[in-house]
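For reference, the structure is listed below as structure tokens.
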Amino acid sequence: MDKQLYLDLYYQMVLIRLVEEASAQLYQQGKIGGFLHLYIGQEAVSTGIISARQPKDRVITAYRDHGVAINVGIPAKLVLAELLGKATGVSKGKGGSMHLADVKRNFWGGHAIVGAHLPIAVGLALGDQYQGSDAVTICMFGDGATNIGFFHEALNLSKVWNLPVLWVCENNQYGMGTAVERASAVKEIRQKALGYNMPNSRVNGMDVLEVRQATLEVLDQIRAGGGPHLMEVVTYRYRGHSMGDPERYRQAEEVKRWQENDPIGIYRRHLETRSIATPEELDEVERRAEQEVTEAVRFAEESPEPPPEALFEDIYAE
Amino acid sequence: MPEITLIEAIRQAMDEELARDERVVIIGEDVGKRGGVFRATQGLYEKYGPQRVIDSPLAELSIVGVGIGAALYGMRPICEIQFADFIYPAFNQIVNEAAKMCYRSNGEWTVPMVIRAPYGGGIGGGLYHSQSVEAFFAHVPGLKVVIPSNPADAKGLLKSAVRDPNPVLFFEPKKGYRLIRGEVPEGDYTVPLGKAKISRQGADLTVVSYGMTHYYALKAAQVVAAEGIETEIIDLRTLLPFDKETLLQSVKKTGKVLIVHEDNLTGGYGAEIAAFLAEHAFTDLDAPIRRLAGPDVPAVPFSHPMQDWFMPNAEKIATAIRELAAF
Ligand SMILES: Cc1ncc(C[n+]2csc(CCOP(=O)(O)OP(=O)(O)O)c2C)c(N)n1
Ligand SMILES: [Mg+2]
Chain D
1 MDKQLYLDLY
11 YQMVLIRLVE
21 EASAQLYQQG
31 KIGGFLHLYI
41 GQEAVSTGII
51 SARQPKDRVI
61 TAYRDHGVAI
71 NVGIPAKLVL
81 AELLGKATGV
91 SKGKGGSMHL
101 ADVKRNFWGG
111 HAIVGAHLPI
121 AVGLALGDQY
131 QGSDAVTICM
141 FGDGATNIGF
151 FHEALNLSKV
161 WNLPVLWVCE
171 NNQYGMGTAV
181 ERASAVKEIR
191 QKALGYNMPN
201 SRVNGMDVLE
211 VRQATLEVLD
221 QIRAGGGPHL
231 MEVVTYRYRG
241 HSMGDPERYR
251 QAEEVKRWQE
261 NDPIGIYRRH
271 LETRSIATPE
281 ELDEVERRAE
291 QEVTEAVRFA
301 EESPEPPPEA
311 LFEDIYAE
Chain X
1 MPEITLIEAI
11 RQAMDEELAR
21 DERVVIIGED
31 VGKRGGVFRA
41 TQGLYEKYGP
51 QRVIDSPLAE
61 LSIVGVGIGA
71 ALYGMRPICE
81 IQFADFIYPA
91 FNQIVNEAAK
101 MCYRSNGEWT
111 VPMVIRAPYG
121 GGIGGGLYHS
131 QSVEAFFAHV
141 PGLKVVIPSN
151 PADAKGLLKS
161 AVRDPNPVLF
171 FEPKKGYRLI
181 RGEVPEGDYT
191 VPLGKAKISR
201 QGADLTVVSY
211 GMTHYYALKA
221 AQVVAAEGIE
231 TEIIDLRTLL
241 PFDKETLLQS
251 VKKTGKVLIV
261 HEDNLTGGYG
271 AEIAAFLAEH
281 AFTDLDAPIR
291 RLAGPDVPAV
301 PFSHPMQDWF
311 MPNAEKIATA
321 IRELAAF
């Protein structure tokens with residue numbers, strides 16, 4: 001891996017963290033409305049996974065989608081403008097936080113109905129198989145999503161038809177206020193692949209390089225015709241399910257314990273102790289990310305609202 | 001009488017029904033430990049325990065399906081769907097199973113269950129957290145569909161729904177959860193299903209609505225009253241079966257009807273009311289029946305101005321009232 005890539009991954013993770021912190025602030029100022037689900041704590045997951053994909057590989061995820069959006073290369077200003085519901089946002093203000101998407105970047109969206117995008121991922125992969133492409137569809141979802149029927153039908157289908165899908169479960173320990181073991185018959189989500197005779201793995205989601213390496217290997221297997229794979233990535237969300245979550249379902253100590261394993265801190269220490277980058281270089285990366293976010297916030301706030309007629313646009317395709 | 005919010009009234013109804021009847025249980029996502037996304041069930045898990053306030057995995061189809069089975073067994077489940085937008089995975093269970101049990105078994109099997117779901121926009125929820133879904137279910141014989149507009153009705157209607165031997169869909173205007181306040185009678189009481197309420201008397205025209213738009217209609221009526229237009233407001237309260245008598249009597253008096261709902265216009269619930277009145281009150285009508293509804297777009301967009309353009313409000317209703325009054 002060349003040094004620039006190491007620094008890029010660091011940049012992306014810091015950028016996600018800062019975008020999320022800025023969004024939290026904008027939410028508290030009443031500039032973002034509705035529901036806001038932050039990705040803080042999970043940055044290594046999407047950063048590692050997306051860094052391993054090729055541009056032809058499709059990505060589709062759930063509503064906790066700001067991280068993926070940044071990783072696929074949507075500029076922070078277009079993400080923040082969307083969060084503010086502005087016309088310049090990546091979904092023209094129509095979608096908001098949960099519905100970022102940019103098909104040009106092969107990002108097939110955040111999806112708010114839990115589990116509903118899993119069968120859709122199967123369809124995308126069916127297209128690639130039909131066309132003889134070796135692209136893989138990477139479908140991300142939470143632990144909670146593995147309890148709904150969509151998940152089971154989609155996994156089964158993908159295996160029966162030997163489709164190129166990488167199923168990525170971000171196990172952040174909770175589906176809203178429900179701990180995994182209170183909702184799932186198996187504690188390790190990877191075990192759900194066994195019922196579908198599907199290869200599976202469990203990866204430390206706080207370590208971006210581990211996530212990246214695991215994803216590279218699995219993508220190779222799938223690309224070679226190996227069929228679908230369920231990868232469980234173990235992680236933690238540091239903030240509430242969405243803004244305003246009283247978090248009565250977990251102890252502060254538990255959150256603290258996970259915060260001591262901050263994925264950004266882990267990665268920074270790794271880069272420093274292996275002498276891959278100097279502290280000054282990493283500080284400089286952080287400064288650049290800060291600057292991008294400052295400019296993005298300004299852009300988002302100054303952007304215009306959508307015009308009234310936008311309400312009636314794109315109901316049907318021409 | 002004390003003033004409480006809409007959501008407090010809903011919580012009280014569940015609390016009192018849990019206390020009154022051991023067969024009553026609540027099933028839903030995060031209804032227990034977390035007390036519900038909107039905190040409708042807050043405190044009930046602590047009070048009645050995990051066997052009666054049951055946290056379900058994320059699985060709407062099963063929440064409703066399990067509710068049906070438990071109801072067949074003789075329990076009285078109250079199933080919560082976190083947002084009406086998430087009810088579609090359970091559509092089969094509701095329409096094919098719950099609605100048809102009594103009919104297919106010639107009355108031997110009954111499904112005394114309630115499915116509660118917050119509906120509607122106006123809270124910035126965007127495309128998948130703002131929908132109104134009543135029209136889908138008001139089409140299905142065997143179901144009952146209830147939408148309250150104020151705390152006193154919400155409490156009394158929910159109690160009736162729990163005690164009803166049939167599957168009842170109970171849609172709650174989430175925008176009004178903390179916004180709509182009102183007095184609630186002391187002690188145990190019910191409000192009958194299938195009966196509308198005339199919430200304001202007037203001779204010039206009739207506004208038919210329910211839930212959140214009823215709240216706005218009352219405000220609009222106040223505004224136009226200052227201009228000399230006397231509006232009669234009907235709060236439908238139950239959409240299926242609906243109160244035909246109250247509608248016919250009001251139209252006989254006023255001769256003009258405006259129907260208001262937030263769900264989009266085409267094939268919306270208002271179409272049924274309009275058709276019913278066109279068939280049965282034709283000679284009483286002095287003007288074409290008017291409908292004010294959400295626009296025919298697939299969902300309520302996220303951006304604030306777009307949401308505002310979508311939503312009916314008191315101002316839009318007042319304008320429609322003036323136009324109809326002038327006809
Ligand atoms: C079908 C459906 N049911 C319920 C919800 C409400 N809801 C949104 S997120 C969520 C929890 C999902 O947990 P998980 O899949 O673990 O994702 P995480 O939030 O942890 O990223 C729930 C219950 C929904 N959006 N869609
Ligand atoms: Mg989760």
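Read top to bottom, the protein sequences are chains D and X. In terms of my numbering, the first sequence opens at residue 1 and continues consecutively. In terms of my numbering, the second sequence opens at residue 1 and continues consecutively. Where a beta carbon is used, it is the ideal one built from N, C-alpha and C, also for glycine. Keep in mind the model is a prediction, meaning the values are calculated, not measured.
task: Mind the definition here: the stretch 239-253 of chain X touches the stretch 267-281 of chain X only if three or more C-beta pairs lie below 8 Å; say whether that holds.
output: yes
message: Does chain X have any CB closer than 8 Å to the CB of Tyr249 (chain D)?
response: Indexing the first sequence from 1 puts residue 249 (chain D) at position 249. Closer than 8 Å: yes.
- request: Alpha carbon to alpha carbon, how far is Ile138 (chain D) from Val168 (chain D)? Give it in angstroms, no decimals.
  value: Here residue 168 (chain D) refers to the residue found at position 168 when the first sequence is read from its first residue. Here residue 138 (chain D) refers to the residue found at position 138 when the first sequence is read from its first residue. So the alpha carbons of these two residues sit roughly 7 Å apart.
query: Name the chain D residues whose beta carbon is nearer than 9 Å to that of Met306 (chain X)?
result: Residue 306 (chain X) sits at position 306 when you count from the first residue of the second sequence. Those within 9 Å of Met306 (chain X) in chain D are Gly85, Gly93, Lys94, Glu305, Pro306, Pro308, Ala310, Leu311.
- request: Please decide whether Gly125 (chain X) counts as near chain D, where near means a Cβ-Cβ distance under 8 Å.
  value: Sequence index remark: in the second sequence, residue 125 (chain X) carries index 125 (1-based). So, interface residue.
- prompt: Where does Gln82 (chain X) land, buried or exposed, given buried means 16+ other C-beta within 10 angstroms?
  reply: Stepping through the second sequence from its first residue, residue 82 (chain X) is reached at position 82. It is buried - the Cβ of Gln82 (chain X) has at least 16 other Cβ atoms within 10 Å.
query: Identify the residues that DSSP records as bridge partners of Leu205 (chain X): which are they?
result: By one-based count along the second sequence, residue 205 (chain X) stands at place 205. Leu205 (chain X) pairs with X:Thr231.
message: So with CB distances below 7 Å, who are the chain X contacts of Asn156 (chain D)?
response: Locating residue 156 (chain D) in the first sequence gives position 156, where the first residue counts as 1. What Asn156 (chain D) touches in chain X: nothing, since even the nearest Cβ is about 16 Å away.
message: Against chain X, with Cβ distances strictly below 8 Å, would Gly195 (chain D) count as a contact?
response: As a working mapping, residue 195 (chain D) is identified with position 195 in the first sequence. So, not an interface residue.
message: Counting only C-beta atoms, is Pro57 (chain X) closer than 8 Å to chain D at any point?
response: Taking the second sequence and counting its residues from 1, the one referred to as residue 57 (chain X) is at position 57. Yes - at least one Cβ of chain D is within 8 Å of the one on Pro57 (chain X).
Straight-line gap, Arg116 (chain X) to Tyr128 (chain X) (C-alpha atoms, nearest Å): If you number the second sequence from 1, residue 116 (chain X) lands on position 116. If you number the second sequence from 1, residue 128 (chain X) lands on position 128. Taking the straight line from one Cα to the other gives about 17 Å.
query: What are the start and end residues of each continuous beta strand (DSSP E) run of 3 or more residues lying completely inside the stretch 142-211 of chain D, in chain order?
result: 165-171, 200-204
task: Whole angstroms is fine: what's the gap from Lys159 (chain X)'s alpha carbon to Tyr210 (chain X)'s?
output: Mapped onto the second sequence, residue 159 (chain X) falls at position 159. Mapped onto the second sequence, residue 210 (chain X) falls at position 210. Cα-Cα distance, rounded: 18 Å.
query: Taking Cβ positions only, does Val68 (chain D) come closer than 8 Å to chain X?
result: On the first sequence, residue 68 (chain D) is found 68 positions in, with the first residue counted as 1. With 8 Å as the cut-off, Val68 (chain D) does not count as an interface residue toward chain X.
- prompt: Is it right to say Gly67 (chain X) is buried, meaning 16 or more other beta carbons lie within 10 angstroms of its own, or is it exposed?
  reply: As a first step, residue 67 (chain X) is located in the second sequence; it is residue number 67 there, counting from the start. Under this definition Gly67 (chain X) is a buried residue.
- request: Under the assumption that Gly115 (chain D) contacts Leu163 (chain D) (Cβ atoms under 8 Å), give the Cβ distance between them as a whole number of angstroms.
  value: Numbered from 1 along the first sequence, position 115 holds the residue referred to as residue 115 (chain D). Numbered from 1 along the first sequence, position 163 holds the residue referred to as residue 163 (chain D). Between Leu163 (chain D) and Gly115 (chain D) the Cβ distance is about 17 Å, and since that is not below 8 Å, they are no contact.
field: Alpha carbon of Leu100 (chain D) to alpha carbon of Gly93 (chain D), nearest angstrom
entry: Your numbering for residue 100 (chain D) matches position 100 in the first sequence. Your numbering for residue 93 (chain D) matches position 93 in the first sequence. Their Cα atoms are separated by approximately 10 Å.
- request: Rounded to whole angstroms, what's the CA-CA distance from Val37 (chain X) to Val31 (chain X)? Just pull it up for me.
  value: On the second sequence, position 37 is the one that residue 37 (chain X) refers to. On the second sequence, position 31 is the one that residue 31 (chain X) refers to. Val37 (chain X) and Val31 (chain X): Cα-Cα distance of roughly 8 Å.
- prompt: Short check: CB of Tyr119 (chain X) to CB of Glu172 (chain X), under 8 Å?
  reply: In the second sequence, counting from the first residue as 1, residue 119 (chain X) sits at position 119. In the second sequence, counting from the first residue as 1, residue 172 (chain X) sits at position 172. Contact: yes.
message: Whether or not the stretch 95-115 of chain X and the stretch 64-72 of chain D are in contact is what I'm after, with contact meaning three or more pairs of Cβ atoms, one per stretch, closer than 8 Å; do they touch?
response: no
- request: Any chance you could list the residues with Cβ under 6 Å from a heavy atom of ligand 2, keeping chain order?
  value: D:Gly142, D:Asp143, D:Gly144, D:Asn172, D:Tyr174, D:Gly175
query: Which same chain residues, not among the five before or five after Val224 (chain X), have their C-beta less than 8 Å away from its C-beta?
result: For the purposes of this step, residue 224 (chain X) is taken as the residue at position 224 of the second sequence. Cβ neighbours of Val224 (chain X) beyond the five flanking positions: Thr231, Ala318, Ile321, Arg322, Ala325.
task: In the DSSP assignment, find the alpha helix (DSSP H) that holds Tyr130 (chain D) and state where it starts and stops.
output: Mapped onto the first sequence, residue 130 (chain D) falls at position 130. Counting along the chain, the alpha helix (DSSP H) containing Tyr130 (chain D) begins and ends at 117-131.
- request: For Pro148 (chain X), count neighbouring Cβ atoms within 10 angstroms of its own Cβ and tell me buried if that reaches 16, exposed if not.
  value: Locating residue 148 (chain X) in the second sequence gives position 148, where the first residue counts as 1. So Pro148 (chain X) counts as buried.
message: Between the alpha carbons of Val16 (chain X) and Val114 (chain X), how many angstroms are there, rounded?
response: Taking the first residue of the second sequence as position 1, residue 16 (chain X) is located at position 16. Taking the first residue of the second sequence as position 1, residue 114 (chain X) is located at position 114. Here residue 16 (chain X) turns out to be Glu, not Val, going by the sequence shown. C-alpha separation (whole angstroms): 15 Å.
Asn264 (chain X) in three-state terms, based on DSSP: Here residue 264 (chain X) refers to the residue found at position 264 of the second sequence. In the structure shown, Asn264 (chain X) sits in a strand (DSSP, three-state: E or B).
message: Considering only their Cβ atoms, is the gap separating Pro263 (chain D) from Met13 (chain D) smaller than 8 Å?
response: Numbered from 1 along the first sequence, position 13 holds the residue referred to as residue 13 (chain D). Numbered from 1 along the first sequence, position 263 holds the residue referred to as residue 263 (chain D). The answer is yes: Cβ separation under 8 Å.
- request: Note down the Cα distance separating Phe170 (chain X) from Met75 (chain X), rounded to an integer number of angstroms.
  value: To locate residue 170 (chain X), count along the second sequence from 1; it is residue 170. To locate residue 75 (chain X), count along the second sequence from 1; it is residue 75. Approximately 18 Å, taken between the alpha carbons.
- prompt: For the stretch 82-93 of chain X, which residues have a CB atom closer than 9 Å to at least one CB atom of chain D, in sequence order?
  reply: Gln82, Asp85, Phe86, Tyr88, Pro89
- prompt: Between Ala296 (chain D) and Trp309 (chain X), what straight-line distance do the alpha-carbon atoms span, to the nearest angstrom?
  reply: What you label residue 296 (chain D) is simply residue 296 of the first sequence in a count that begins at 1. What you label residue 309 (chain X) is simply residue 309 of the second sequence in a count that begins at 1. So the two alpha carbons sit approximately 27 Å from each other.
message: Can you determine whether any heavy atom of ligand 1 sits closer than 7 Å to the C-beta of Leu58 (chain X), and answer yes or no?
response: By 1-based counting over the second sequence, the position of residue 58 (chain X) is 58. Yes - ligand 1 has a heavy atom lying nearer than 7 Å to the Cβ of Leu58 (chain X).
- prompt: Can you give, in chain order, each stretch of the beta strand (DSSP E) that sits fully within the stretch 32-68 of chain X and has at least 3 residues?
  reply: 53-55
- prompt: From this set, X:Arg290, X:Ala287, X:Ala40, X:Leu236, which residue's C-alpha is nearest Val191 (chain X)'s C-alpha?
  reply: Locating residue 191 (chain X) in the second sequence gives position 191, counting from the first residue. Looking at the Cα atoms, X:Leu236 is the closest of the given residues.
Bounding residues of the beta strand (DSSP E) (the contiguous stretch that carries Gln107 (chain D)): Mapped onto the first sequence, residue 107 (chain D) falls at position 107. Before going further, note that residue 107 (chain D) is Phe rather than Gln in the sequence given. Here Phe107 (chain D) belongs to no beta strand (DSSP E), and DSSP marks it neither H nor E.
- prompt: From X:Pro2, X:Gln42, X:Gly49, X:Glu8, pick the residue whose C-alpha is nearest to that of Glu22 (chain X); which is it?
  reply: Reading the second sequence from its first residue, position 22 is the one you call residue 22 (chain X). Selected option, being the one with the closest Cα: X:Gly49.
- prompt: Any idea if Asp153 (chain X) is buried or exposed, counting beta-carbon neighbours within 10 angstroms, 16 or more meaning buried?
  reply: Position 153 of the second sequence, counted from the start, is the residue given in the question as residue 153 (chain X). Flag for Asp153 (chain X) reads buried.
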